[in-house]
Every structure is written in structure tokens, then in C-alpha cells.
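Engineer: Supplied in C-alpha cells, the structure appears directly below.
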Amino acid sequence: MRVYPRRQCDTFAARRGPGSLLAMRASVALGAPLLPCLSLVLACGGETEDYTLSFEARAGGAPLRCGEGYTGMGASSGPVELRDFRLYVSDVRLVGADGAEAPLELDQDVVWQHASVALLDFEDGSGACSASGTPETRAVITGQAAIDAPTGVRFRIGVPFDLNHLDTATQPSPLNLGAMFWNWRGGYKFLRLDLRDRGVQPPSAFNIHLGATACDAPTPVQPPSSPCGRPNRPDIALDGFDPSADTIVLDLAGLLTGVDTSTNTPMTPPGCMSAPTDPDDCGPVFQNLGLSFASGACTGDCAGQRFVRVE
Amino acid sequence: MGPKRRALAALAAVAAGCGGAPPDSTPSWTWALPSGVPPPEVPEANPMSEAKVDLGRRLFFDVRLSGNEEQSCASCHHPERAFTEPRAVSVGSTGEAHPRNAPGLANVAYAATLTWANPLLVTLERQAPIPLFGEHPVELGVVGREAEVLARLEAEPLYRDGFARAFPEDPAPIHFDNVVRALAAFQRTLLSFDSPYDRFVRGETGALGAAARRGMELFFSERLECFHCHGGLLFSDAVAHDGRALAERPFHNTGLYNVDQAGGYPRDNTGVFELTGDPRDMGRFRAPSLRNVEVTGPYMHDGSVPTLEAVIDIYARGGRRIASGPHAGDGAESPLKSPFVSGFELTPEERADLVAFLESLTDRTFLEDPRHRNPWTQGRGGP
Numbered sequence: 470m471r472v473y474p475r476r477q478c479d480t481f482a483a484r485r486g487p488g489s490l491l492a493m494r495a496s497v498a499l500g501a502p503l504l505p506c507l508s509l510v511l512a513c514g515g516e517t518e519d520y521t522l523s524f525e526a527r528a529g530g531a532p533l534r535c536g537e538g539y540t541g542m543g544a545s546s547g548p549v550e551l552r553d554f555r556l557y558v559s560d561v562r563l564v565g566a567d568g569a570e571a572p573l574e575l576d577q578d579v580v581w582q583h584a585s586v587a588l589l590d591f592e593d594g595s596g597a598c599s600a601s602g603t604p605e606t607r608a609v610i611t612g613q614a615a616i617d618a619p620t621g622v623r624f625r626i627g628v629p630f631d632l633n634h635l636d637t638a639t640q641p642s643p644l645n646l647g648a649m650f651w652n653w654r655g656g657y658k659f660l661r662l663d664l665r666d667r668g669v670q671p672p673s674a675f676n677i678h679l680g681a682t683a684c685d686a687p688t689p690v691q692p693p694s695s696p697c698g699r700p701n702r703p704d705i706a707l708d709g710f711d712p713s714a715d716t717i718v719l720d721l722a723g724l725l726t727g728v729d730t731s732t733n734t735p736m737t738p739p740g741c742m743s744a745p746t747d748p749d750d751c752g753p754v755f756q757n758l759g760l761s762f763a764s765g766a767c768t769g770d771c772a773g774q775r776f777v778r779v780e
Numbered sequence: 009m010g011p012k013r014r015a016l017a018a019l020a021a022v023a024a025g026c027g028g029a030p031p032d033s034t035p036s037w038t039w040a041l042p043s044g045v046p047p048p049e050v051p052e053a054n055p056m057s058e059a060k061v062d063l064g065r066r067l068f069f070d071v072r073l074s075g076n077e078e079q080s081c082a083s084c085h086h087p088e089r090a091f092t093e094p095r096a097v098s099v100g101s102t103g104e105a106h107p108r109n110a111p112g113l114a115n116v117a118y119a120a121t122l123t124w125a126n127p128l129l130v131t132l133e134r135q136a137p138i139p140l141f142g143e144h145p146v147e148l149g150v151v152g153r154e155a156e157v158l159a160r161l162e163a164e165p166l167y168r169d170g171f172a173r174a175f176p177e178d179p180a181p182i183h184f185d186n187v188v189r190a191l192a193a194f195q196r197t198l199l200s201f202d203s204p205y206d207r208f209v210r211g212e213t214g215a216l217g218a219a220a221r222r223g224m225e226l227f228f229s230e231r232l233e234c235f236h237c238h239g240g241l242l243f244s245d246a247v248a249h250d251g252r253a254l255a256e257r258p259f260h261n262t263g264l265y266n267v268d269q270a271g272g273y274p275r276d277n278t279g280v281f282e283l284t285g286d287p288r289d290m291g292r293f294r295a296p297s298l299r300n301v302e303v304t305g306p307y308m309h310d311g312s313v314p315t316l317e318a319v320i321d322i323y324a325r326g327g328r329r330i331a332s333g334p335h336a337g338d339g340a341e342s343p344l345k346s347p348f349v350s351g352f353e354l355t356p357e358e359r360a361d362l363v364a365f366l367e368s369l370t371d372r373t374f375l376e377d378p379r380h381r382n383p384w385t386q387g388r389g390g391p
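As they're listed, the protein sequences go chains A and B. Quick note: the first sequence uses my numbering, first residue 470, plus one each step. Quick note: the second sequence uses my numbering, first residue 9, plus one each step.
What follows is the structure in C-alpha cells.
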């Protein structure tokens, strides 16, 4: 059982370094100028609780680590090796026993969390993860919510449309990582999971890059003017969740159910990079995320997803 | 004060009301950057100043900075070629061949790591001593002749004045630490963000022709995968700038060699492996920026690919096949190759379109900028 002390208003303010100005500058561009301050006001108001959501990346029962090989993942005999695993989570809400939802106002730490978006990072840039990775890792989301004793959590995997198609060069962290961005038209890789199936020779890359597609920008270097045709942001709903005691598990075994990482459809990107032209490699992955590959929306409420669970 | 600045000031006031830190004081150096380009990181120990940049420019173009007064930095880094040179590999001041091609310096202020394959080299201040003092191979060849080189600088009136102005707090400013600081400051001003591509991104729709626009689609497609390593501000994934909290320092094996069926590279050029000894680092090099790539050939870390068309053909094949000789082998079959170098098919028209897009990254303003040229009007300076 973890206990998180109630943060004092002034220590919260003191924690904001010079970078907070950067965050605010970005907020101006977004038309939400006072967001960082608003959350502060809420935090000062005494109506909210601090919450830390803990995540773990697993391959079935085993912790997911760079370079390690995992057998029994999906339709391949493997072993499947981890080379990168990061994802953006947004629109986090805690749910009370009565079903009422309270948004989790994320701490604006100028590293892992900005506006409503948090980055989770399960690669440490070592060994097999060194091609794209960073040494820092992150397995928590922190913030405040006006709710007592929540029993469930809701969030989306992905970056909301209004933050998804801006210029990474001028966005604050964590929205300025090159490894997590496609281009203005496509926006961010909501989830980046780079794998290598070592069961075949030569080992075969299978990368899962989830992101919005069918975006109507005229060129790759211009943002779309309206939300993308296939938003591809899974809605995750977890019940029976006590943030002080439970962990949110992201399970490779679930995500790869029925996926054959040892093969790739010829003349398509290795694995599934969300391309509408790659239905064979993407179909089962999207199904395991609860998404319809054809529409990019949840099938049902994404309730059939096999990737995320509470333990 | 423009509307944006007013808004910022208002926000700063709000932040102060919230108990936030006061805004930074006005910096003495202003970056002339187009919108969308963040300022580069500058080490606290080496703040920018006009005097330092002027001094660094003089040093950059001065052959007196080499042991035998044969070469300057500019001998291998030519401004009109985006600070590269047409040789496959560089030749040092004493005639020794370097195993590597001279990397370009356009926007080097934003490079996450310096040189072709060194994860530990993250500032220009740490990099500059390598060409100055390196012995394997000898580049500028200053080792053993340090006092002689400094005496040459002392004897130059423009330096006596220039070092004093650049380092006013230093009572005896002519020494190598300050040489390195000035060189770094000058290089941080080598900013190239005014290509037709940039103008197109800034809204000048006529800046790119139809072929370049078709090529841009190909470049950013999942079919070609170019942008995975050559994306972002610099068309390189190894970028650092102000506001980046998480450092990215990627290196990639592109299947250029496979001399031993195990992904091996020629022994004198093994990339990050040379530093780490980790077999997985064999053949891993930094993805160079593609800005001005039209004029930076020959290509690759060893200058072994003569043209852009030849580069594209290698990537289309999913790696380079060398039929015979000491480096024979098929890079496409390398087990160490990046998964993004998986090959693609291009029609001749598509290849021409892709080249047209790459050529739209050429920044003539930068290549012709008089501020980047040899400042010495007579005598000793110059390549």
C-alpha cells in the first residue's frame, strides 16, 4: 500500500522551474493559456486528492525488458525481443463507486506530462533499445482529481487531436520526442512497440506503431484541418481499480494474441504501422486494442481489448 | 511589444501570482530564428556573444591553427558545400587520410551528438579538441606544437584584440580553452532554415514544384520509411534543442556493409562499436541531417556512395551489395541492419521526384551567406 502525502500549494509552485514558462508558451498557442495555473488553483482549493497511477509492462507473467526474448507471444513461437516500448496516455479519469467520473489533472512536470497527455516509457535505451531509446523510464502518471476512493479508471491511449498535429520542435516535453512523431499530418506515434522475432533467420522486425491515419492535410508537413478519418485512440475502461493498491498492467501477450511476429506482408512496413494499406498485419493488433481497423474507432466501447488490465 | 509578447508578460504575471519562478532576465544574445525553430542549447560556461562569434570565425578559417600551418577547419569544411568537402574521406594537415567523410556543420548547434558515431560527444566544446589535437589520425596536428601555435595567435593584432573582446573577464585570454569556446560559438551560428522546403512549410505554397511535392509524399511515406531516421527539424533523428527534457542520441546500421555474414563493417570504420565494444553497436552511425544534402556528397560516413541516386538505390534494395574485394558482402542480409531499411520499389519517375524533394532542402541563402565565409582579406588565413 503506497501512501502519497497531500502536496502543499507552495511546494507545488516551487517545483516549477524555468521550464514552466515554456509550458505556458505552448499553452498560449493552444488557446488554453491558463491551464497550468488552473490545475494549481484546483490543487490549492482543498477539494482534490493527489493520485499516482502505477503501470507495469509485462509479457504474460514476466516483466518486459529491453533485449529479453519472450516465448509464447501470439502466433509465433518466438522468442520475441523488446527494442522499444513507449506510449502516450491522455484524458485520464477516475471513477467513483457511483459511476461518476473525475478528470485527473496531470502534474505539469515539463518532462513526462503536458496538458492532458502523459508519456509512459518502458525502455531504458540500453542494448537492444539503444537505436531509438532514452535512458530515462516512466511507469507512473501523477495528478489531482476531485474524487474520494475511486474504484475505476478511464483513459485513452493517444494524443488528442488538438495537440497531435503541432510542430514537435516547439512543443514542450514529452511532446518533442523525435522517436514518437511521424509528421504534422499523422501526428504522434500514440504507442511505439518495436519487436524483433528471433525465432526466424535472419531475425524479423515487427514494429507496432499506433497513430492517427486518414488525416486530411494536403501535404505531410501541414496539419489536418479536421480530425483524422481513423483516430485510432483506444478507450480503456478498468473497473475494480484502487490507485493506492493496484497496478495497471500492459501485457504484450494480450496485444499479440493471434499476431504472427515472424512474418510480414511483403511490401508493407515491418509489423503494423497503422497504415490503411496494411490490414493483414494490423487487423489482429487493432482487434486486441479494441479498435476497428476499418474505422479507427472503438469496436463497442473498446471493451474487447486484451492489452490492459488491473492487477 | 507584440501581442504574443504581451500575452507572455501577462502569463508571467499570473505565474508570479501563483507563486511561480520569475521569468528569465533578458539574454544578451538573440537568436535570429524563423518561427517553428526553437533555440539551440548553449552550455552555461560558454554563452554566445558577437565578439566570440567573430573570433571563432577568424579561427575557423586560419591555417595558423594547424601545427604546420597547412590547414584550417575550413580546409575540410567548405561553406559552399554546407561545410563538407568533395573528398570521400578527409586528409589531415600532415597528409594522413581520415577513415571518415567530413560531416556537414549546417545547424550543428542542434546535433544531439557530434562526429559520426560517438554517443559521448554531446557538445562542440568537447568535439573541437579532436581535430585540433587528435593523433589517430592527425587532423590539424597541434599536439607537441601548442606553444608555437599560441605564439602565432599572440603575434596577430586582430587576435590580441579579438580574444580580449570575446573573453573580457580573462586576463590572459589567448589559450586553447578559449579557442575551442570561440570555435563552438561560431559554429552555433551556422543556421540553415531557409530552403524552398522551409518556405513551403511557412506557407509559401509556390516554393515547391510538383515533382518536389510528390517526392515529399514519398519521403514521408511508410513505404519508403525515410523519415523514421531522417525526420524532424533537421531531417535527422539525432537532434537536441532547448526544451528537450529527454535526450535522444540514436545511431543506426543501414546495411551499408556485411563483410562477414554477421553484419560486420570494415575494421577501420565500425561506428559506435569502436567505442563500446558491444557487438550490437557494429556499423551504427548517426543519421546525418539531410538539409543541403544536394551539395554534401559523396555520402555516408566513409564517403563511399557518390550520388543521391546511388544512395536511394541502396535503400531501395534494403542494403548495399558489394560484389567483390575486401568489403564484399550483402548488407541487405545483415542481421544488424535497422528494421526501417527493409527495401522498396520505385519507378524512375518516383526516384526523380524523391531527388527533387531532397534538392528542395538546399538553402542557397545559407550556402552563400557572407558571414560564413573566410574573414581574412590577406595573407595567412583561409583554407
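For every residue, glycine included, the Cβ atom is placed at its ideal position computed from N, Cα and C.
1) Pick helix, strand or coil for residue 767 of chain A, following the three-state DSSP scheme.
2) From what residue to what residue does the beta strand (DSSP E) around residue 286 of chain B run?
3) Give the residues of chain B in contact with residue 603 of chain A, contact being defined as C-beta atoms less than 7 angstroms apart.
4) Assign residue 737 of chain A to buried or exposed, taking buried as 16 or more other Cβ atoms, counted over all protein chains shown, within 10 Å of its Cβ.
5) Should residue 210 of chain B go down as buried or exposed, given a rule of 16 or more other Cβ atoms within 10 Å for buried?
6) So who's on the other strand from residue 582 of chain A, going by DSSP bridges?
7) Going along the chain, which residues of the segment 628-652 of chain A sit with their C-beta nearer than 9 angstroms to a C-beta in chain B?
8) What residue ranges within the segment 604-643 of chain A form continuous beta strand (DSSP E) runs of no fewer than 3 residues, ordered along the chain?
9) Can you find a CB in chain B that lies within less than 8 angstroms of the CB of residue 596 of chain A?
10) Does the distance between the C-beta of residue 304 of chain B and the nearest non-hydrogen atom of the ligand MN fall short of 7 angstroms?
11) Report all residues from its chain with a CB closer than 6 angstroms to the CB of residue 42 of chain B; omit the five preceding and five following residues, and keep chain order.
12) I'd like the list of long-range same chain contacts for residue 68 of chain B, defined as Cβ closer than 7 angstroms, with 5 residues on each side in sequence excluded.
13) List the DSSP bridge partners of residue 164 of chain B.
14) Could you name the residues of chain B that residue 701 of chain A contacts, counting a contact when the two beta carbons are closer than 9 angstroms?
15) Between B/131, B/267, B/61, which lies nearest to residue 249 of chain B when the distance is taken from Cα to Cα?
16) Could you list which residues in chain A have their beta carbon closer than 8 angstroms to that of residue 221 of chain B, in chain order?
17) Contact between the segment 528-547 of chain A and the segment 572-585 of chain A is defined here as three or more beta-carbon pairs at a separation below 8 angstroms; is this criterion met?
18) Do residue 688 of chain A and residue 294 of chain B have their C-beta atoms within less than 8 angstroms of each other?
19) Here's the rule: buried if 16 or more other CB atoms are within 10 angstroms of the residue's CB, otherwise exposed. What is residue 128 of chain B?
20) Less than 8 angstroms between the beta carbons of residue 199 of chain B and residue 72 of chain B, yes or no?
21) Since residue 186 of chain B is in the alpha helix (DSSP H), which residue starts that stretch and which ends it?
22) Shorter than 8 angstroms from the beta carbon of residue 224 of chain B to some beta carbon of chain A?
23) If we count the other Cβ atoms within 10 Å of its Cβ and call it buried at 16 or more, is residue 40 of chain B buried or exposed?
24) Whole beta strand (DSSP E) runs in the segment 683-729 of chain A with 3 or more residues, listed along the chain?
25) Given that residue 742 of chain A touches chain B, what residues does it touch there, using C-beta distances under 7 angstroms?
26) Quick one: is residue 296 of chain B near chain D, going by C-beta distance under 8 angstroms?
27) Sorted by chain position, which residues of the same chain lie with C-beta nearer than 8 angstroms to residue 282 of chain B's C-beta, five sequence neighbours on each side aside?
28) If we define contact as Cβ-Cβ less than 8 angstroms, is residue 241 of chain B a contact residue for chain A?
29) Does any C-beta atom of chain A lie closer than 8 angstroms to the C-beta of residue 170 of chain B?
30) Is the beta carbon of residue 527 of chain A sitting closer than 8 angstroms to the one on residue 718 of chain A?
31) Output yes or no for whether 8 angstroms exceeds the beta carbon distance between residue 345 of chain B and residue 174 of chain B.
32) Kindly indicate which three-state DSSP category residue 741 of chain A falls into: helix, strand or coil?
33) Pick out whichever of A/712, A/547, A/694, A/701 has its Cα sitting closest to the Cα of residue 764 of chain A.
34) Does DSSP put residue 83 of chain B in a helix, in a strand, or in coil?
35) For residue 152 of chain B and residue 183 of chain B, what's the separation of their Cα atoms in angstroms?
Structural biologist: Let me spell this out:
1) In the first sequence, residue 767 of chain A corresponds to position 298, counting from 1. Residue state, collapsed to three classes: strand.
2) Stepping through the second sequence from its first residue, residue 286 of chain B is reached at position 278. No beta strand (DSSP E) contains residue 286 of chain B, which DSSP labels as neither H nor E.
3) If you number the first sequence from 1, residue 603 of chain A lands on position 134. Residues of chain B passing the Cβ test: 254, 255, 256.
4) Walking along the first sequence from the start, residue 737 of chain A turns up at place 268. Buried.
5) What you label residue 210 of chain B is simply residue 202 of the second sequence in a count that begins at 1. Residue 210 of chain B is exposed by the Cβ-count criterion.
6) Reading the first sequence from its first residue, position 113 is the one you call residue 582 of chain A. DSSP, once it has assigned bridges, lists A/587 as partnering residue 582 of chain A.
7) 636, 637, 638, 639, 640, 641, 642, 643, 645, 646, 647, 648, 650, 651, 652
8) 609-614, 621-626
9) On the first sequence, position 127 is the one that residue 596 of chain A refers to. Yes, because at least one Cβ of chain B sits closer than 8 angstroms to the Cβ of residue 596 of chain A.
10) The model on display carries no ligand, and the ligand MN is accordingly not part of it.
11) In the second sequence, counting from the first residue as 1, residue 42 of chain B sits at position 34. For residue 42 of chain B, where only same-chain residues beyond five positions count, the Cβ hits under 6 angstroms are 201.
12) For the purposes of this step, residue 68 of chain B is taken as the residue at position 60 of the second sequence. These residues qualify, in order along the chain: 80, 81, 82, 191, 194.
13) Here residue 164 of chain B corresponds to residue number 156 of the second sequence, with the count starting at 1. Beta-bridge pairing links residue 164 of chain B to no other residue.
14) For the purposes of this step, residue 701 of chain A is taken as residue 232 along the first sequence, with counting starting at 1. Those within 9 angstroms of residue 701 of chain A in chain B number zero; the least Cβ separation is about 14 angstroms.
15) For the purposes of this step, residue 249 of chain B is taken as the residue at position 241 of the second sequence. Among B/131, B/267, B/61, the Cα nearest to that of residue 249 of chain B belongs to B/131.
16) Within the second sequence, residue 221 of chain B is the residue found at index 213, counting from 1. What residue 221 of chain B touches in chain A: 688.
17) no
18) Translated into the one-based positions of the first sequence, residue 688 of chain A becomes position 219. Translated into the one-based positions of the second sequence, residue 294 of chain B becomes position 286. The answer is no: Cβ separation not under 8 angstroms.
19) What you label residue 128 of chain B is simply residue 120 of the second sequence in a count that begins at 1. Exposed.
20) Numbered from its first residue, the second sequence carries residue 199 of chain B at position 191. Numbered from its first residue, the second sequence carries residue 72 of chain B at position 64. Contact: no.
21) Mapped onto the second sequence, residue 186 of chain B falls at position 178. Element bounds for residue 186 of chain B: 184-196.
22) The sequence position of residue 224 of chain B within the second sequence is 216, counting from 1. Yes, contact with chain A.
23) Counting from one through the second sequence, the residue named residue 40 of chain B turns up at place 32. That one is exposed.
24) 704-708, 716-720
25) Working through the first sequence from its first residue, we reach residue 742 of chain A at position 273. Per Cβ cutoff of 7 angstroms: 230.
26) Here the protein chains are A and B, and chain D is not one of them.
27) In the second sequence, residue 282 of chain B corresponds to position 274, counting from 1. 125, listed in sequence order.
28) Residue 241 of chain B sits at position 233 when you count from the first residue of the second sequence. It does: the Cβ of residue 241 of chain B has a partner Cβ on chain A nearer than 8 angstroms.
29) Locating residue 170 of chain B in the second sequence gives position 162, counting from the first residue. Not one chain A Cβ lies under 8 angstroms of residue 170 of chain B.
30) To locate residue 527 of chain A, count along the first sequence from 1; it is residue 58. To locate residue 718 of chain A, count along the first sequence from 1; it is residue 249. It is a contact, given that the beta carbons lie within the stated cut-off.
31) Counting from 1 along the second sequence, the entry for residue 345 of chain B is found at position 337. Counting from 1 along the second sequence, the entry for residue 174 of chain B is found at position 166. No, the Cβ-Cβ distance between residue 345 of chain B and residue 174 of chain B is not below 8 angstroms.
32) Numbered from 1 along the first sequence, position 272 holds the residue referred to as residue 741 of chain A. DSSP places residue 741 of chain A in strand when its eight states are reduced to three.
33) Here the question's residue 764 of chain A lines up with position 295 in the first sequence. The shortest C-alpha separation from residue 764 of chain A is found at A/701.
34) Your numbering for residue 83 of chain B matches position 75 in the second sequence. Three-state result, residue 83 of chain B: helix.
35) Position 144 of the second sequence holds residue 152 of chain B. Position 175 of the second sequence holds residue 183 of chain B. When rounded, the distance between both Cα atoms is 15 angstroms.
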